[in-house]
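Numbering (my numbering), first residue to last: 706 to 1060.
From the three backbone atoms N, C-alpha and C, an ideal C-beta is built for every residue, glycine too.
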């Protein structure tokens, strides 16, 4: 599924760019823009799959597929050697095993190497990093993140920054150093992701707050950071492809409580007792967090679909969902308007994720 939507996103982006281009080349319309294509973004652009990232998943990230479909002369990626950083979960998921052999949520030494594959050297065209906020893409470097407390930047993300970016460079400054002809900007999802995966709404007061003290960034914090990135792209003279923030449930795998009730017999085989309060329940459940927590229980797990508004319980009520989706729509309206104002392309990822 991930590869399918990633391919579709790349194809859709190519159509969008061609429609907006005035170029006339012997290749696809707009091909000249791909001479030096740089991708800024989050896990979506980096190629994270199944809670992990390594060279195989990175090669199927949508920017890499887009560059391939556009016959870009080159598009380099900071390919992470196997098993990954962290390594992805592998099927069947009920065994909670990573490619490294560790059992989720634990990791082993192989998950922490995070070395680049073969002769891969920096800088590369894809500078996207898993977990990056808009602020981080603009300002955070391998040096600044190394000094940050783990309550703000976990060790795994510190390893990723060292693997992806050169010393003293953020995603934005590394993009500018490459004198790009085209830049894709896919940012904003991590401003709201914690609210979806946690199931509780707590606004941040500022960027760089410790984990556990907030779950989303208000648009008043996000927009100035995004606009600063836009200004940096504009200074390069490059064309740009601004990418939307995915809506719930496109953002992550969330499903109505009733879906779990309808599959109660299957869950029971793995010691998960789906409670009666899930029948007809329209609350959205973050499946990855809730189910893997249940699978990790040493005794039968009572799986409730009733929301606790005071706790991070992986559950969003319809009111919660409407709030987060409205915030995302405000962000997307600003992104789309910014693209129009600069004569750039706008890619609605929700179209690709819905396919």
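| What do you get for residue 768, buried or exposed, if any count of 16 or more other CB atoms within 10 angstroms of its CB means buried? | One-based indexing of the chain shown puts residue 768 at position 63. Buried is the call here.
| query | CA-CA distance, residue 880 and residue 812? | reply | For the purposes of this step, residue 880 is taken as the residue at position 175 of the chain shown. For the purposes of this step, residue 812 is taken as the residue at position 107 of the chain shown. One C-alpha to the other measures close to 32 Å.
| query | The beta strand (DSSP E) with residue 1088 in it runs from where to where? | reply | Past the boundaries of the shown model lies residue 1088; the chain is included only from 706 to 1060, so the question cannot be answered.
| Alpha-carbon spacing of residue 763 relative to residue 1051, whole angstroms | Mapped onto the chain shown, residue 763 falls at position 58. Mapped onto the chain shown, residue 1051 falls at position 346. Taking the straight line joining both Cα atoms gives about 23 Å.
| Between which two residues does the alpha helix (DSSP H) containing residue 867 stretch? | Here the question's residue 867 lines up with position 162 in the chain shown. Residues 860-869.
| query | Since residue 891 is in the beta strand (DSSP E), which residue starts that stretch and which ends it? | reply | Here residue 891 corresponds to residue number 186 of the chain shown, with the count starting at 1. First-last of the beta strand (DSSP E) with residue 891: 887-891.
| message | Using CA atoms only, rank isn't needed, just tell me which of 824, 808 and 802 is closest to residue 781. | response | As a position in the chain shown, residue 781 is number 76, starting the count at 1. Of the listed residues, the one whose Cα sits closest to residue 781 is 824.
| query | Between the beta-carbon of residue 1010 and the beta-carbon of residue 980, is there less than 8 Å? | reply | Here residue 1010 corresponds to residue number 305 of the chain shown, with the count starting at 1. Here residue 980 corresponds to residue number 275 of the chain shown, with the count starting at 1. Yes; because the gap between Cβ atoms is below 8 Å, this pair is in contact.
| query | Which partner residues of residue 954 appear in the DSSP bridge assignment? | reply | Looking up residue 954 in the chain shown gives position 249. Per DSSP, none; premise fails for residue 954.
| Which same chain residues, not among the five before or five after residue 1029, have their C-beta less than 8 Å away from its C-beta? | Position 324 of the chain shown, counting from 1, holds the residue named residue 1029. Cβ within range, chain order: 897, 900, 901, 906, 921, 953 and 1021.
| Leaving out five residues before and five after residue 1044 in sequence, what residues of the same chain have Cβ atoms less than 6 Å from its Cβ? | Taking the chain shown and counting its residues from 1, one reaches residue 1044 at position 339. If we look at residue 1044 and ignore the five residues flanking it on each side, its Cβ neighbours are 947 and 1051.
| query | Between which two residues does the beta strand (DSSP E) carrying residue 980 extend? | reply | As a position in the chain shown, residue 980 is number 275, starting the count at 1. Here residue 980 belongs to no beta strand (DSSP E), and DSSP marks it neither H nor E.
| query | Roughly how many angstroms lie between the CA atoms of residue 868 and residue 891, to the nearest whole one? | reply | Within the chain shown, the letter at position 163 stands for residue 868. Within the chain shown, the letter at position 186 stands for residue 891. Cα-Cα distance, rounded: 20 Å.
| Does the pairing of the segment 882-889 with the segment 935-945 give three or more beta-carbon distances under 8 Å? | yes
| field | Those residues which DSSP pairs with residue 944 across a bridge | value | To locate residue 944, count along the chain shown from 1; it is residue 239. Note: residue 944 sits in a beta bridge opposite 887.
| Cα separation between residue 963 and residue 969? | For the purposes of this step, residue 963 is identified with residue 258 of the chain shown, where counting begins at 1. For the purposes of this step, residue 969 is identified with residue 264 of the chain shown, where counting begins at 1. So the two alpha carbons sit approximately 10 Å from each other.
| Where does the unbroken alpha helix (DSSP H) through residue 1033 begin, and where does it stop? | If you number the chain shown from 1, residue 1033 lands on position 328. Counting along the chain, the alpha helix (DSSP H) containing residue 1033 begins and ends at 1023-1047.
| Contacts around residue 1004, its chain only, beta-carbon distance under 8 Å, and the 5 residues preceding and following it disregarded | Stepping through the chain shown from its first residue, residue 1004 is reached at position 299. The answer, listed in chain order, is 976.
| field | residue 986, DSSP secondary structure in three states | value | Taking the chain shown and counting its residues from 1, one reaches residue 986 at position 281. Reduced to three states, the DSSP call for residue 986 is coil.
| request: Below 6 Å CB to CB, which residues in the same chain sit around residue 815 once its five sequence neighbours on both sides are set aside? | output: Against the chain shown, residue 815 aligns to sequence position 110. Excluding positions up to five away in sequence, the list reads 788 and 805.
| said: Between residue 747 and residue 837, how many whole angstroms is the CB-CB distance? I'm expecting something under 8 Å. | reply: Along the chain shown, read from residue 1 onward, the residue named residue 747 stands at position 42. Along the chain shown, read from residue 1 onward, the residue named residue 837 stands at position 132. That pair is a contact at about 5 Å.
| Ends of the beta strand (DSSP E) at residue 1007? | Residue mapping note: residue 1007 aligns to position 302 of the chain shown, counting from 1. Its beta strand (DSSP E) spans residues 1006-1008.
| said: If you measure between the beta carbons of residue 893 and residue 839, is that distance less than 8 Å? | reply: As a first step, residue 893 is located in the chain shown; it is residue number 188 there, counting from the start. As a first step, residue 839 is located in the chain shown; it is residue number 134 there, counting from the start. Yes, Cβ-Cβ distance for residue 893 and residue 839 is below 8 Å.
| task | Work out the CA separation of residue 771 and residue 830 for me, nearest whole Å. | result | The sequence position of residue 830 within the chain shown is 125, counting from 1. The sequence position of residue 771 within the chain shown is 66, counting from 1. Cα-Cα distance, rounded: 12 Å.
| said: Beta-carbon within less than 8 Å of residue 1034's beta-carbon, same chain only, minus the 5 sequence neighbours each way: which residues are those? | reply: Locating residue 1034 in the chain shown gives position 329, counting from the first residue. So the qualifying residues of the chain are 952.
| task | Return the first residue and the last residue of the alpha helix (DSSP H) that residue 923 is part of. | result | Numbered from 1 along the chain shown, position 218 holds the residue referred to as residue 923. For residue 923, no alpha helix (DSSP H) segment is defined, and its DSSP state is neither H nor E.
| Same chain, Cβ closer than 7 Å to residue 865, neighbours up to 5 away in sequence not counted | Position 160 of the chain shown holds residue 865. So the qualifying residues of the chain are 790, 819, 834 and 835.
| query | What is the rounded straight-line gap between the Cα of residue 1079 and the Cα of residue 843? | reply | Nothing about residue 1079 can be read from this structure; the chain reaches only from 706 to 1060.
| query | Where does residue 1027 land, buried or exposed, given buried means 16+ other C-beta within 10 angstroms? | reply | Here residue 1027 refers to the residue found at position 322 when the chain shown is read from its first residue. Residue 1027 should be labelled exposed.
| query | What separation, rounded to the nearest whole angstrom, lies between the Cα atoms of residue 914 and residue 1016? | reply | Numbered from 1 along the chain shown, position 209 holds the residue referred to as residue 914. Numbered from 1 along the chain shown, position 311 holds the residue referred to as residue 1016. Taking the straight line joining both Cα atoms gives about 19 Å.
| request: Please classify residue 899: does DSSP put it in a helix, a strand, or coil? | output: Counting from one through the chain shown, the residue named residue 899 turns up at place 194. Residue 899: helix per DSSP, three-state reduction.
| message | Between 999, 974, 995 and 1008, which has its C-alpha nearest residue 984's C-alpha? | response | Counting from one through the chain shown, the residue named residue 984 turns up at place 279. Checking every option, the nearest Cα to that of residue 984 belongs to 1008.
| Should residue 939 be labelled buried (16 or more other beta-carbon atoms within 10 Å of its own) or exposed? | Taking the chain shown and counting its residues from 1, the one referred to as residue 939 is at position 234. Exposed: under 16 other Cβ atoms inside 10 Å.
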